[in-house]
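Chemist: Handing you a structure now.
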Amino acid sequence: MLGRGGFGDCYLGTFAGRSVVSKRLRFHYERERYMRVPSIWKKLNHPNIIPFLGLPSIDGLPHLMSPLMPNGGADDYVRKNPNVNRVQLLIQIAQGLEYMHTRNPPIIHGDLKANNILVSEDGSACLADFGLSRVYEETNPEAALTASGSSATASITMAYHANFRWGAPEVILEDMHRTPASDIFTLGRLMVELLTGDIPFPGLVDQRIILHLATGRYDRPVDSDAIACGLDDDMWTLILECWDQDPSKRPSASQVVERLRCLPEPASVNPDWKPRANAGSGGGSGMSISSGTTDSTDSELMDLD
Numbered sequence: 001m002l003g004r005g006g007f008g009d010c011y012l013g014t015f016a017g018r019s020v021v022s023k024r025l026r027f028h029y030e031r032e033r034y035m036r037v038p039s040i041w042k043k044l045n046h047p048n049i050i051p052f053l054g055l056p057s058i059d060g061l062p063h064l065m066s067p068l069m070p071n072g073g074a075d076d077y078v079r080k081n082p083n084v085n086r087v088q089l090l091i092q093i094a095q096g097l098e099y100m101h102t103r104n105p106p107i108i109h110g111d112l113k114a115n116n117i118l119v120s121e122d123g124s125a126c127l128a129d130f131g132l133s134r135v136y137e138e139t140n141p142e143a144a145l146t147a148s149g150s151s152a153t154a155s156i157t158m159a160y161h162a163n164f165r166w167g168a169p170e171v172i173l174e175d176m177h178r179t180p181a182s183d184i185f186t187l188g189r190l191m192v193e194l195l196t197g198d199i200p201f202p203g204l205v206d207q208r209i210i211l212h213l214a215t216g217r218y219d220r221p222v223d224s225d226a227i228a229c230g231l232d233d234d235m236w237t238l239i240l241e242c243w244d245q246d247p248s249k250r251p252s253a254s255q256v257v258e259r260l261r262c263l264p265e266p267a268s269v270n271p272d273w274k275p276r277a278n279a280g281s282g283g284g285s286g287m288s289i290s291s292g293t294t295d296s297t298d299s300e301l302m303d304l305d
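Take the sequence shown: its letters are residues 1 to 305, numbered as in the UniProt record's numbering.
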């Protein structure tokens with residue numbers, strides 16, 4: 001076993017001569033949801049979205065298969081590489097999200113955070129963690145607003161659990177469906193996470209975080225190294241717009257990409273800077289690494305059509 005998430009176990013293996021990761025469902029009662037995910041994921045083709053390689057059956061159990069990303073999650077990557085261009089990583093993340101939001105119908109990630117962003121061998125950020133998320137069609141046009149304020153009918157969402165540290169207030173406090181606008185809110189949280197190297201609301205328990213969500217309060221980080229990484233006045237202004245309490249006033253993913261591209265190249269940071277460990281981040285996608293491999297062949301791949 002390579003690692004363990006909230007609902008599935010990950011295994012390192014080989015497929016068609018390449019290193020891959022396969023995620024196996026741990027709870028059989030989640031099988032129906034699990035089997036629906038590939039029908040959406042396989043249609044996503046973008047350099048900043050981790051590719052879907054197939055759904056092999058290994059020992060009679062389905063495995064979601066994707067390429068091995070040797071640099072791991074973006075949270076660990078920025079800690080191990082403090083001088084990496086984090087603004088460029090954010091541009092890539094926003095580009096992947098823009099691609100998802102501009103599908104017809106839109107696809108909503110629903111669980112953006114740094115450990116759900118994987119970094120490829122060449123240092124590119126890729127959106128990940130679609131494997132165990134709920135897929136459904138939004139049928140109530142009044143239940144959700146897009147980032148432009150129009151109704152999000154027929155939107156597809158790929159998550160079903162709330163995460164207080166990253167989630168949008170309308171999702172956590174009002175139990176509304178996730179929308180492109182709620183993705184933008186969590187993107188803003190992720191931006192702070194990568195620029196500071198720390199989880200949102202470090203040191204606060206969930207109950208305190210809910211109070212901050214209700215008021216829209218989030219104190220600006222003043223760490224000089226975080227500022228050197230790109231958390232300047234222009235970046236903070238963009239982040240605050242992503243966190244607008246009114247979902248219809250948040251920028252679209254396309255607008256975020258455009259704004260990020262206009263920001264200056266971040267300065268180098270102190271190579272001895274060591275952000276706090278990402279303890280207590282919670283969520284269903286964290287992994288504890290161990291050893292083990294699994295192999296798959298073409299003949300084991302399930303038909304997804």
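Where a beta carbon is used, it is the ideal one built from N, C-alpha and C, also for glycine.
In this structure, how does DSSP classify Phe201 when only helix, strand and coil are distinguished?
Modeler: One-based indexing of the sequence shown puts residue 201 at position 201. DSSP places Phe201 in coil when its eight states are reduced to three.
Chemist: Taking only three categories from DSSP, how would you classify Cys229?
Modeler: Along the sequence shown, read from residue 1 onward, the residue named residue 229 stands at position 229. Reduced to three states, the DSSP call for Cys229 is coil.
Chemist: Distance, Cα to Cα, Asp233 vs Asn116?
Modeler: If you number the sequence shown from 1, residue 233 lands on position 233. If you number the sequence shown from 1, residue 116 lands on position 116. Cα-Cα distance, rounded: 27 Å.
Chemist: How many Å lie between Thr215 and Arg165 at the Cα?
Modeler: Taking the first residue of the sequence shown as position 1, residue 215 is located at position 215. Taking the first residue of the sequence shown as position 1, residue 165 is located at position 165. If you take the alpha carbons of Thr215 and Arg165, they lie about 14 Å apart.
Chemist: Extract the residue ranges of the beta strand (DSSP E) inside the stretch 19-101, only unbroken runs of 3 or more that lie entirely within it.
Modeler: List check, beta strand (DSSP E) in window: 61-67.
Chemist: Under a three-way DSSP split, which group does Tyr11 fall into?
Modeler: Translated into positions along the sequence shown, residue 11 becomes position 11. It is a strand residue.
Chemist: Quick check on DSSP: helix, strand or coil for Cys126?
Modeler: The count along the sequence shown starts at 1 and reaches residue 126 at position 126. Three-state DSSP puts Cys126 in a strand.
Chemist: Taking only three categories from DSSP, how would you classify Val119?
Modeler: By 1-based counting over the sequence shown, the position of residue 119 is 119. In the structure shown, Val119 sits in a strand (DSSP, three-state: E or B).
Chemist: Going by alpha carbons, who is nearest to Pro247 out of Leu211, Asn81 and Thr186?
Modeler: Translated into the one-based positions of the sequence shown, residue 247 becomes position 247. Closest by alpha carbon: Thr186.
Chemist: Determine, using beta carbons only, whether Leu194 and Arg86 come nearer to each other than 8 Å.
Modeler: Counting from one through the sequence shown, the residue named residue 194 turns up at place 194. Counting from one through the sequence shown, the residue named residue 86 turns up at place 86. Closer than 8 Å, so yes.
Chemist: Could you spell out where the alpha helix (DSSP H) holding His212 opens and where it closes?
Modeler: Here residue 212 refers to the residue found at position 212 when the sequence shown is read from its first residue. Segment Asp206 to Thr215, the alpha helix (DSSP H) holding His212.
Chemist: Looking at the unbroken alpha helix (DSSP H) that takes in Gln245, where does it start and where does it end?
Modeler: Here residue 245 is taken as the residue at index 245 of the sequence shown, counted from 1. Per DSSP, Gln245 belongs to no alpha helix (DSSP H) and is neither H nor E.
Chemist: Could you have a look at residue 306 and say whether DSSP puts it in helix, strand or coil?
Modeler: Since the displayed the chain opens at 1 and closes at 305, residue 306 lies outside it and no answer follows.
Chemist: CB Ala228 to CB Pro266, shorter than 8 Å?
Modeler: For the purposes of this step, residue 228 is identified with residue 228 of the sequence shown, where counting begins at 1. For the purposes of this step, residue 266 is identified with residue 266 of the sequence shown, where counting begins at 1. Yes, they are a contact pair.
Chemist: Measure the alpha-carbon distance for Gly60 versus Ile91 and round it to whole angstroms.
Modeler: As a position in the sequence shown, residue 60 is number 60, starting the count at 1. As a position in the sequence shown, residue 91 is number 91, starting the count at 1. Spanning the two alpha carbons is a distance of roughly 40 Å.
Chemist: What did DSSP end up calling Trp236 once you bin it into helix, strand or coil?
Modeler: Here residue 236 refers to the residue found at position 236 when the sequence shown is read from its first residue. DSSP places Trp236 in helix when its eight states are reduced to three.
Chemist: How would you label Leu211, buried or exposed, when you count the other beta carbons within 10 angstroms and need 16 or more for buried?
Modeler: Here residue 211 refers to the residue found at position 211 of the sequence shown. The residue in question, Leu211, is exposed, as its Cβ has fewer than 16 Cβ neighbours within 10 Å.
Chemist: Take Ile172 and list the residues in its own chain whose beta-carbon comes closer than 8 Å to its own, dropping the five residues that flank it on each side.
Modeler: Along the sequence shown, one-based indexing puts residue 172 at 172. Same-chain partners within the cutoff: Ala162, Phe164, Ile210 and Leu213.
Chemist: Measuring alpha carbon to alpha carbon, tell me which of Ser224, Tyr11 and Asp183 ends up nearest Gln95.
Modeler: Mapped onto the sequence shown, residue 95 falls at position 95. It is Asp183.
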